[in-house]
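Numbering-wise, the working numbering comes out as the position in the sequence shown, counting from 1, plus 209.
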Amino acid sequence: MTKPFATRFALVAMMTLLVSPAISAQQGDEAPPSKPGKPINTGDVLSGELNAMKVRDVRNGRRVATYQITSEPRRLPPPNGLCNLETGPETFQLVTSTDAQATQLKSFVGKEISVKVDEIACASDAGQMSEAVITKWSLIRKQ
């Protein structure tokens, strides 16, 4: 064997040893396909962490508090279904219709809450931060 050939052969062997574990590790990282979340219907309970966000009101330009529940993926009733998502929505905006509802939610920010869902739909407006919107709901007290 000549010296240049032996050097090239050693270099190729070293590269093969270094690269092959990386290739086999990439092939084993494939995650199983995600399954759609559990269905949520009118009257069901949704639980998760409550977050507050400040957004600008479209009508008067003032900053208003918007509340969002982060939960496991859920499947909405037809025709909404998965809201064009792989597993269904995980963030749900709670629309407050009165100041009393907003005051009620303010004390639970950052905590785990449960709400009874009366009306739910996929987010459709450009300014919505959540994947789904709950327009009618009631807070469930934990004992």
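All C-beta atoms in this analysis are idealised placements derived from N, C-alpha and C, irrespective of residue type, glycine included. All values derive from a computational prediction rather than experimental measurement.
Query                                                                                                                              : Result
For T300, the three-state DSSP class (helix, strand or coil)                                                                       : strand
K345 to D334 span [Cα, whole Å]                                                                                                    : 17 angstroms
Chain-order list of residues whose beta-carbon lies under 7 angstroms from that of A311 (same chain, five-residue window excluded) : A274 and T305
Integer-rounded CB distance, given that R283 should sit under 8 angstroms from G290                                                : Rounded, the Cβ-Cβ distance is 11 angstroms, inconsistent with contact.
Nearest-angstrom beta carbon gap, I343 and I329 [assumed within contact, 8 angstroms]                                              : 5 angstroms
Other residues of its chain near G297: CB distance less than 6 angstroms, five sequence neighbours each side excluded              : P245, G246, P282, R283, R284 and L291
Proximity below 8 angstroms, CB of V326 to CB of T279                                                                              : no
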